[in-house]
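Peer 1:
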Amino acid sequence: MSPSADSAASQWLEQLAAMRAAIADLKLPETNGESGKHELGFDLDDDDLSPASPTDDIWDLISEDEEDFSDGSLEPPAVDEVAAVGSQEWLGQKCAEVASKGTGLDREALQEQIVAILASDSSDEELQMTLADTLGFEELDLVSDLIATRKQLLSQPVKQPSGLLSKAERNARLRQADIDHKTASLAAAQNRGGEQYPHVYKAHDAGNTLSSHGKKYALPIGSERIERPLYEEYAIPATKVNILARQQKLVQIADLDGLCKRTFRGYTTLNRMQSLVFSVAYQTSENMLICAPTGAGKTDAAMLTILNTVAKNIHPSPIDEPEAEEFAVHTDDFKIVYVAPMKALAAEITEKLGKRLAWLGIQVRELTGDMQLNKAEISATQIIVTTPEKWDVVTRKSTGDTELVQKVRLLIIDEVHMLHDERGAVLESLVARTERQVESTQSLIRIIGLSATLPNYTDVADFLKVNRMAGLFYFDQSFRPVPLEQHFLGVKGKAGSKTSRENTDKTAFEKVKDMLEQGHQVMVFVHSRKDTVRTARQLLEMAADEGVGDLFDPSQHEGYTNAIRDVKQSKGKEIRELVAKGMGTHHAGMPRSDRNLIERLFGDGVLKVLCCTATLAWGVNLPAAAVIIKGTQLYSAEAGKFVDLGILDVLQIFGRAGRPQFQEVGIGMIITSNDKLQHYLTAVTQQQP
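Under UniProt numbering, the first residue of the sequence shown carries the number 1, and numbering increases by one thereafter.
1. Across which residues does DSSP place Asp-644 in a beta bridge pair?
2. Measure from the alpha carbon of Asp-257 to the alpha carbon of each residue in Lys-312, Ile-306, Glu-323, then state which is nearest.
3. Beta-carbon separation of Glu-195 and Gly-471 under 9 Å?
4. Among Ala-683, Val-684, Lys-676, which has the Cα closest to the Cα of residue 692?
5. Please go through the same chain and pick out, in chain order, the residues whose beta-carbon is closer than 6 Å to the beta-carbon of Tyr-457, but skip the five residues on each side of it.
6. Check for me: the beta strand (DSSP E) holding Tyr-234 runs from which residue to which?
7. Along the beta strand (DSSP E) that carries Ser-451, what are the first and last residues, could you check?
8. Considering Cα atoms alone, identify which of Thr-269, Asn-503, Ser-155, Asp-476 is closest to Leu-489.
9. Quick check: the Cα distance between Ala-425 and Ile-413, rounded to an integer number of angstroms?
10. Taking the CB atoms as reference points, tell me whether Val-609 and Ile-667 lie closer together than 9 Å.
11. How about Val-329 and Ile-362: do their beta carbons lie closer than 9 Å?
12. Hey, would you say Ile-448 sits closer than 9 Å to Leu-289, going by beta carbons?
13. What residues are listed by DSSP as bridge partners for Ile-598?
14. Does DSSP put Tyr-338 in a helix, in a strand, or in coil?
15. How big is the Cα-Cα spacing for Leu-237 and Gly-222?
16. Would Gly-214 be called buried (16 or more neighbouring beta carbons within 10 Å of its own) or exposed?
17. Are Leu-622 and Leu-616 close, meaning C-beta to C-beta below 9 Å?
18. What are the uninterrupted segments assigned as beta strand (DSSP E) that are 3 or more residues long and contained completely in the region 371-415, given in chain order?
19. Helix, strand or coil for Arg-225, going by three-state DSSP, please let me know.
20. Ignoring anything shorter than 4 residues or poking outside the region 254-341, list the alpha helix (DSSP H) runs there in chain order.
21. Pick out whichever of Gln-477, Ala-380, Leu-411, Leu-444 has its Cα sitting closest to the Cα of Ala-203.
22. Could you compute how far the alpha carbon of Ser-379 sits from the alpha carbon of Thr-331?
23. Considering only residues of the region 489-523, which uninterrupted alpha helix (DSSP H) runs meet the minimum length of 4 residues and lie entirely inside it, listed in chain order?
24. Does the region 589-605 come close enough to the region 633-651 to have 3 or more Cβ pairs within less than 8 Å?
25. Within a Cβ cutoff of 7 Å, which residues of the same chain sit near Trp-359, ignoring the five residues on either side of it in sequence?
26. Can you give me the start and stop residues for the alpha helix (DSSP H) that Gly-666 sits inside?
27. Under 6 Å Cβ to Cβ from Ala-563, same chain only, skipping five residues before and after it: list those, please.
28. Any contact of the region 509-522 with the region 538-553, i.e. 3+ C-beta pairs under 8 Å?
29. Give the DSSP bridge partners of Tyr-201, in chain order.
30. Using 8 Å for Cβ pairs, my map puts Thr-350 next to Gln-652. What's the rounded Cβ distance?
31. With a Cβ-Cβ cutoff of 9 Å, do Ala-624 and Gln-521 count as a contact?
32. If you drop the 5 nearest sequence neighbours on each side, which residues of the same chain put their C-beta closer than 7 Å to that of Lys-630?
33. Beta-carbon within less than 6 Å of Gln-274's beta-carbon, same chain only, minus the 5 sequence neighbours each way: which residues are those?
34. Is residue 697 helix, strand or coil when you go by DSSP?
35. By the 10 Å Cβ neighbour count, where 16 or more other Cβ atoms means buried, how is Asn-308 classified, buried or exposed?
36. Please list the terminal residues of the continuous beta strand (DSSP E) segment that includes Glu-366.
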């Protein structure tokens, strides 16, 4: 060893001796009887610290033994002691257990959600369903405990974490955070990011739409793809209903002012969807977009916006005198325009609004290609129900109906999702023209868009100049009065070929037979008047060939005798022939008396199957347990060729599936050619922007 190394070693030993003397003066307590072993947990031994070999590096404190290295894995902290049932600590522990099973929520979020559900004014039965949906049906024992200890849980404040933590607690939390981070699974794509809007009621797990990522589509949980010799089928399960906004209190009609009370006479409350839009629709002048499924009550939501406009043009004001029930309307001061997608629907809306507002003396008239109005009639009318094309013609003129256009205070566009149809350009020009008028005249024209549920609702809201934070309302399929189970069937064979037609007929019969065996009434929608009778006879022939004709037999029904008596007065020989066998037909070419008779017999349950055209879906509200659309090719006189059935018609027909007072689930089926299957699958499940 060199002299310099000797001097360094001796110098180091002197420093070490001084350190030992200083430590001895501190008089540190010993943890056991062994000398040299202190509370710090390491041995101070002369032999260990002296340089036994000249090659030893006295500063090298890192072991080269592989067993001494950490593998990076961390032991999870010890589980807390089990808290008393009904305490917030107990709830926190249970939420942690559920969250660890991969519910998509962390413990704190789940605990907050459960407390909010328990704090609602729902009954125990409603709570049970909501909690089971939130936690999963495998946690029914926990649901029972939560309901049993509801008052006890709500009486305690939620424990906030203390600001001061001991070193051990901090280390335990850091270890747990590290474990959670390493074991966390990635969230589903649709749950990540995205701005949250206050009036968007959308459950990602409601199972009501397809998940789309670019051009690849993933079916919701519970969906099935079935391959059969004649067809390929996609079955989309019925949505869960009433899973959102359960704590929302329904608006009581008795609590409203005189204007609403008399207009909604016969109503006790508004429904859940209408109660959620009430404050914005009736108490503000915000532009609105209301996206809701068929049958959710959009027309009554539009009525609230009409009453808001009427309230500004009557005396006395319902705001100043809410108890007043007699009003004088300033009929010359305002006009309201309701744009309906079809003439048949315009007639129905005209009748509905006219009856509701007759007590105020407000005139509601139809202005379509079928119903022309002269200047005097337009002047005397307050609410005009029209179609996009007709209103486009009226507003395009620089002269003529300028007085009418300038008095418009409210524009309601029904079925605004037609924007992606060929008629979208007309709607676009209407909205643009209205906005230009607002800017040029500095007059307020409120725009209301009503739509089926569509994926890019924010784009449509921006197009209508709707404030996303105030006037954008989106309600998913859980707000439908009866949940809808959807079946999409693509038959084998080239579209329009004999093979395709035969497969369509056989598939339609197979599905009708299935529904009748389950005790359901069925509507079969076809696309020509002649096809209604042809399909009805064909179904009966196939039933006779298979020996299942008794499924259609109506003779056991209590109203059968009266039905046969009434049918004898009909002039249509097809009706007399088919009704006796439990089958009915319905189309616009039939005499009105025959149509009314068939509607009544089907509504009473005498007829098991009704073959009809799409006009029935737009006119009379005659729901059935199951609807089947047989084929999607129809002849267009304007185009002079066969075209595809419009998505609007499909949605309207599917809206007829399910009778709220009789069935818990409606069933909608569409039978199309294999090449059109994806088109209808994506469009009907609201994936087309």
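Quick reminder that beta carbons are idealized off the backbone N, C-alpha and C, glycines included.
Peer 2: On the basis of the supplied data:
1. In the sequence shown, counting from the first residue as 1, residue 644 sits at position 644. For Asp-644, which the question treats as bridged, DSSP gives the partners Gln-633.
2. As a position in the sequence shown, residue 257 is number 257, starting the count at 1. Comparing Cα positions, the closest option is Glu-323.
3. The residue given as residue 195 occupies position 195 in the sequence shown. The residue given as residue 471 occupies position 471 in the sequence shown. No, Cβ-Cβ distance for Glu-195 and Gly-471 is not below 9 Å.
4. Residue 692 is absent from the model: the chain starts at 1 and stops at 689.
5. Within the sequence shown, residue 457 is the residue found at index 457, counting from 1. Same-chain partners within the cutoff: Cys-291, Tyr-474.
6. As a first step, residue 234 must be located in the sequence shown, where it is residue number 234. Element bounds for Tyr-234: 231-236.
7. Counting from 1 along the sequence shown, the entry for residue 451 is found at position 451. Residues 446-451.
8. Translated into positions along the sequence shown, residue 489 becomes position 489. Closest by alpha carbon: Asn-503.
9. By one-based count along the sequence shown, residue 425 stands at place 425. By one-based count along the sequence shown, residue 413 stands at place 413. Those two C-alpha atoms are separated by around 14 Å.
10. Residue numbering aside, residue 609 sits at position 609 when the sequence shown is read from its first letter. Residue numbering aside, residue 667 sits at position 667 when the sequence shown is read from its first letter. Not closer than 9 Å, so no.
11. Numbered from its first residue, the sequence shown carries residue 329 at position 329. Numbered from its first residue, the sequence shown carries residue 362 at position 362. In contact: Val-329 and Ile-362 (Cβ atoms closer than 9 Å).
12. What you label residue 448 is simply residue 448 of the sequence shown in a count that begins at 1. What you label residue 289 is simply residue 289 of the sequence shown in a count that begins at 1. In this structure, Leu-289 lies closer than 9 Å to Ile-448 by Cβ.
13. Taking the first residue of the sequence shown as 1, we reach residue 598 at position 598. Partner(s): none; Ile-598 has no beta bridge.
14. As a working mapping, residue 338 is identified with position 338 in the sequence shown. Three-state result, Tyr-338: strand.
15. Translated into positions along the sequence shown, residue 237 becomes position 237. Translated into positions along the sequence shown, residue 222 becomes position 222. As written in the sequence, residue 237 is Pro, which differs from the Leu given in the question. C-alpha separation (whole angstroms): 6 Å.
16. Here residue 214 corresponds to residue number 214 of the sequence shown, with the count starting at 1. Annotation note: pLDDT 44 at Gly-214 (below 50); position unreliable, no value reported.
17. The sequence position of residue 622 within the sequence shown is 622, counting from 1. The sequence position of residue 616 within the sequence shown is 616, counting from 1. It is a contact, given that the beta carbons lie within the stated cut-off.
18. 383-386, 408-413
19. Your numbering for residue 225 matches position 225 in the sequence shown. Reduced to three states, the DSSP call for Arg-225 is strand.
20. 258-263, 272-283, 298-311
21. Along the sequence shown, one-based indexing puts residue 203 at 203. Here the closest residue by C-alpha is Gln-477.
22. Along the sequence shown, one-based indexing puts residue 379 at 379. Along the sequence shown, one-based indexing puts residue 331 at 331. In a straight line, the C-alpha of Ser-379 is about 9 Å away from that of Thr-331.
23. 498-517
24. no
25. For the purposes of this step, residue 359 is taken as residue 359 along the sequence shown, with counting starting at 1. The answer, listed in chain order, is Arg-262.
26. The residue given as residue 666 occupies position 666 in the sequence shown. From DSSP, Gly-666 is part of no alpha helix (DSSP H) but of the beta strand (DSSP E) over 666-673.
27. Translated into the one-based positions of the sequence shown, residue 563 becomes position 563. Leu-601, Val-606, listed in sequence order.
28. yes
29. By 1-based counting over the sequence shown, the position of residue 201 is 201. Phe-475, per the DSSP bridge assignment.
30. Indexing the sequence shown from 1 puts residue 350 at position 350. Indexing the sequence shown from 1 puts residue 652 at position 652. Thr-350 to Gln-652, Cβ: 18 Å. No contact.
31. In the sequence shown, residue 624 corresponds to position 624, counting from 1. In the sequence shown, residue 521 corresponds to position 521, counting from 1. Yes, the pair counts as a contact, with Cβ atoms nearer than the cut-off.
32. Locating residue 630 in the sequence shown gives position 630, where the first residue counts as 1. Contacts found: Thr-504, Ala-508, Val-524, Phe-525, Val-526, Thr-535, Ile-671.
33. Within the sequence shown, residue 274 is the residue found at index 274, counting from 1. Same-chain partners within the cutoff: Gly-297, Asp-300, Ala-301.
34. A query on residue 697 cannot be resolved here, the shown segment of the chain reaching from 1 to 689 and no further.
35. The residue labelled residue 308 in the question sits at position 308 within the sequence shown. Asn-308 comes out buried.
36. On the sequence shown, residue 366 is found 366 positions in, with the first residue counted as 1. First-last of the beta strand (DSSP E) with Glu-366: 364-367.
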